[in-house]
Amino acid sequence: MGWLDRVTDQVDALTRSRALQESSRSAEAYAILDPVIRTTTDPYARADALVQRLSAVINLGRTAEYTRAIEEASTAVRDLAEPYLHGHLNALAALAAHHQGALDRCVTHLVRAARALGAVPDPDRDTAWGWHDLAMAYSYLSFHGYALGAIERARQLGTAAGIPEETFAAPGIRLRNAVALDHNGDSDGCLRVLRDVAADLDRFLRSGRAGKLRPSSLAAYGYAAARRGALGDRLEVGTEAAPARLLGHGGDSARARDMRLLGQVCLAVAEGRPIEAATRLDTVQVSSETLGAAEPARLRSIALARSGDHAGAHRADRLAFRLAAQRNDRLRDVYIDGIAARIDHEEMRREAARFEGEALTDPLTGLPNRRRLERYIATVVAGGDRVVIGVCDLDGFKAVNTRHGHHSGDLVLQRVAGVINRVMRRGDFVARYGGDEFVVVLPHAGMTEAAEVGRRIDAAVRAEDWESLVPGTPVGVSVGFAEVGASGPGLRDALSAAFEAADREMLRAKARPRAS
Numbered sequence: 001m002g003w004l005d006r007v008t009d010q011v012d013a014l015t016r017s018r019a020l021q022e023s024s025r026s027a028e029a030y031a032i033l034d035p036v037i038r039t040t041t042d043p044y045a046r047a048d049a050l051v052q053r054l055s056a057v058i059n060l061g062r063t064a065e066y067t068r069a070i071e072e073a074s075t076a077v078r079d080l081a082e083p084y085l086h087g088h089l090n091a092l093a094a095l096a097a098h099h100q101g102a103l104d105r106c107v108t109h110l111v112r113a114a115r116a117l118g119a120v121p122d123p124d125r126d127t128a129w130g131w132h133d134l135a136m137a138y139s140y141l142s143f144h145g146y147a148l149g150a151i152e153r154a155r156q157l158g159t160a161a162g163i164p165e166e167t168f169a170a171p172g173i174r175l176r177n178a179v180a181l182d183h184n185g186d187s188d189g190c191l192r193v194l195r196d197v198a199a200d201l202d203r204f205l206r207s208g209r210a211g212k213l214r215p216s217s218l219a220a221y222g223y224a225a226a227r228r229g230a231l232g233d234r235l236e237v238g239t240e241a242a243p244a245r246l247l248g249h250g251g252d253s254a255r256a257r258d259m260r261l262l263g264q265v266c267l268a269v270a271e272g273r274p275i276e277a278a279t280r281l282d283t284v285q286v287s288s289e290t291l292g293a294a295e296p297a298r299l300r301s302i303a304l305a306r307s308g309d310h311a312g313a314h315r316a317d318r319l320a321f322r323l324a325a326q327r328n329d330r331l332r333d334v335y336i337d338g339i340a341a342r343i344d345h346e347e348m349r350r351e352a353a354r355f356e357g358e359a360l361t362d363p364l365t366g367l368p369n370r371r372r373l374e375r376y377i378a379t380v381v382a383g384g385d386r387v388v389i390g391v392c393d394l395d396g397f398k399a400v401n402t403r404h405g406h407h408s409g410d411l412v413l414q415r416v417a418g419v420i421n422r423v424m425r426r427g428d429f430v431a432r433y434g435g436d437e438f439v440v441v442l443p444h445a446g447m448t449e450a451a452e453v454g455r456r457i458d459a460a461v462r463a464e465d466w467e468s469l470v471p472g473t474p475v476g477v478s479v480g481f482a483e484v485g486a487s488g489p490g491l492r493d494a495l496s497a498a499f500e501a502a503d504r505e506m507l508r509a510k511a512r513p514r515a516s
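First residue of the sequence shown: 1, per UniProt numbering; consecutive thereafter.
Pasting the structure below:
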């Protein structure tokens, strides 16, 4: 039995409004839902209409109505023992909270949505759409892995319910993943993802199924193609896959409108009009949530670089990188500083802990970050284990950034992270402390073992082919070690002293002459 089989009033109107929203015609759906809400006496029909109206409000970008729409839908759903309704409501509330900048509430809703949708006993097409909206919320919050898992669940349920595969193609999820990579300096990775998105569209076009794609999906395919063009790939012109054609779709979706505006900037760059692209950015107003706050700054950097203004491009790139980093910092604060306390159910706390890994990871290198490092050292030392910490600072890194730009610097940091990880002993811990500084933790070790690890790190970094990556700017590493000397109440002071001692040893190593 599907969800709507439980509804006894105005089912035709509710079904029609669903079809309109699936076709990105949310304003028309909204007009149908209002009379249902005013006149129905069936609590299930009212709850369904209010959840649908919340979806329409979000699709239309009517941010001023979010709070009221969530409150009314929550009141209607609260006393109904229907996991689909609770799941879909929380997925939509997560989207709204994200647009409002309330990331703690957003994550709480995400966890509750996943639990409720996973508990639906007889999932049907409506449950599939609930998973779709949850995937969108994950994606906007930059949980790309969770988003892909949720959209795959939506696709499986949709297929079982007779919904065509292309309905849940969801190119926007991978598009946001791609631009996030670019914002963090991985343009090659961004292009790889965008090319995969293009290959999917080509598959739908060749099989004659592109006509079943949702208008919002077509707009996302269009932006992906335009963004590839801005990064130097060849533009499709005069075909069904031409970005200018695809960007015209999207119905009344606010997110499709944003992609249309930024897509025109990308096309101006790709077509050799970078000054026009930069000028357009001065007037474009888009939500920072559609493709990330860093996207306009990154597009400005690409446009200025194409126009020959490399200093301006560098400034814009640094702004983009800072905006992306600020987002990561906000997420970290949400998870580390109290999201678990907001979820009182033990099972939900365990679910929330799954998100913590991303908050404790450096997004550029994939290594644990400073906060995770501090937690790890405190845990090991508090257990009474002998611990040595090592501070690793790159030599020549400033010259890399000055000569080749921060994109090349990021590539160097990523490679160094891999090199250090590769030569560590089993059970050792490596983290990025910040900038070009890495920290290694050697549990159950003394200074003799530390010296050997230091030699391996130095030799491995020297053996890398830096000339092919950053010609003319050799890269090395200086390492200093110190043993943590206390536990218990004096642990914080002991850790601080050990870090200072390791840092001094690192500076002495940096000052020593190197063999050529």
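Beta carbons are placed, not taken as given, at the ideal position from N, Cα and C, and that holds for glycine.
All of these numbers come straight from a predicted model, not from anything done at the bench.
query                                                                                                                                                       : result
When you compare only the Cα positions, how much space is there between Ala73 and Thr127?                                                                   : 17 Å
Cutting at 8 Å between CB atoms, please list the residues of its own chain near His404, excluding the five before and the five after it.                    : Val470, Thr473
Check this for me: beta carbons of Leu442 and Val387, under 8 Å apart or not?                                                                               : yes
Between the alpha carbons of Asp493 and Ala378, how many angstroms are there, rounded?                                                                      : 11 Å
Using only alpha-carbon positions, find the residue among Ala96, Val479, Val51, Pro171 that is nearest to residue 544.                                      : Any answer about residue 544 is impossible in this case: the structure gives the chain only from 1 up to 516.
Using CA atoms only, rank isn't needed, just tell me which of Arg260, Ala460, Arg425, Ala382 is closest to Val484.                                          : Ala382
According to DSSP, is Phe143 helix, strand or coil?                                                                                                         : coil
Between Arg195 and the rest of its own chain, which residues show a CB-CB distance below 6 Å, the 5 nearest in sequence each way excluded?                  : none
If you scan the segment 64-122 from start to end, which runs of the alpha helix (DSSP H) of 4 or more residues do you find wholly inside it?                : 66-77, 83-99, 103-118
Measuring CB to CB, does Asp395 end up less than 8 Å from Leu364?                                                                                           : no
Taking only beta-carbon atoms, is Ala73 less than 8 Å away from chain D?                                                                                    : The chain inventory of the structure shown lacks chain D, comprising one protein chain alone.
What residue does the alpha helix (DSSP H) around Glu374 start on, and which one ends it?                                                                   : 370-382
Shortest alpha-carbon distance to Ser288 belongs to which of Tyr140, Ser207, Thr239?                                                                        : Tyr140
For Glu505, does the three-state DSSP call read helix, strand or coil?                                                                                      : helix
In three-state terms, what does DSSP make of Asp393?                                                                                                        : strand
Any chance you could list the alpha helix (DSSP H) runs of at least 4 consecutive residues sitting entirely within the segment 16-70, in chain order?       : 26-39, 43-60
Determine, using beta carbons only, whether Ala113 and Leu134 come nearer to each other than 8 Å.                                                           : yes
Here's the rule: buried if 16 or more other CB atoms are within 10 angstroms of the residue's CB, otherwise exposed. What is Pro368?                        : buried
So Ala180 and Asp124 are in contact, right, with Cβ under 8 Å, and what is the actual spacing, rounded?                                                     : 33 Å between Cβ atoms; not a contact.
Bridge partners of Ala431, per DSSP?                                                                                                                        : Val439
Check whether the segment 100-107 and the segment 23-41 are in contact - that is, three or more C-beta pairs closer than 8 Å.                               : no
So Gly312 and Leu304 are supposed to be a Cβ contact under 8 Å. How far apart are they, rounded?                                                            : 4 Å
Rounded to a whole number of angstroms, what is the C-alpha to C-alpha distance between Ala210 and Ala270?                                                  : 25 Å
Quick one: give me the first and last residue of the beta strand (DSSP E) that Glu483 is part of.                                                           : 476-483
Compute the beta-carbon to beta-carbon distance between Ile37 and Leu54, rounded to the nearest angstrom, for a pair I have assumed lies under 8 Å.         : 11 Å between Cβ atoms; not a contact.
On the premise that Leu231 lies in contact with Leu281, defined as a C-beta separation below 8 Å, what is that separation, rounded to the nearest angstrom? : Not a contact, Cβ separation roughly 16 Å.
Using alpha carbons as the reference points, say which of Pro121, Pro164, Arg176 lies closest to Arg137.                                                    : Note that residue 137 corresponds to Ala in the displayed sequence, not to Arg. Per the Cα distances, Arg176.
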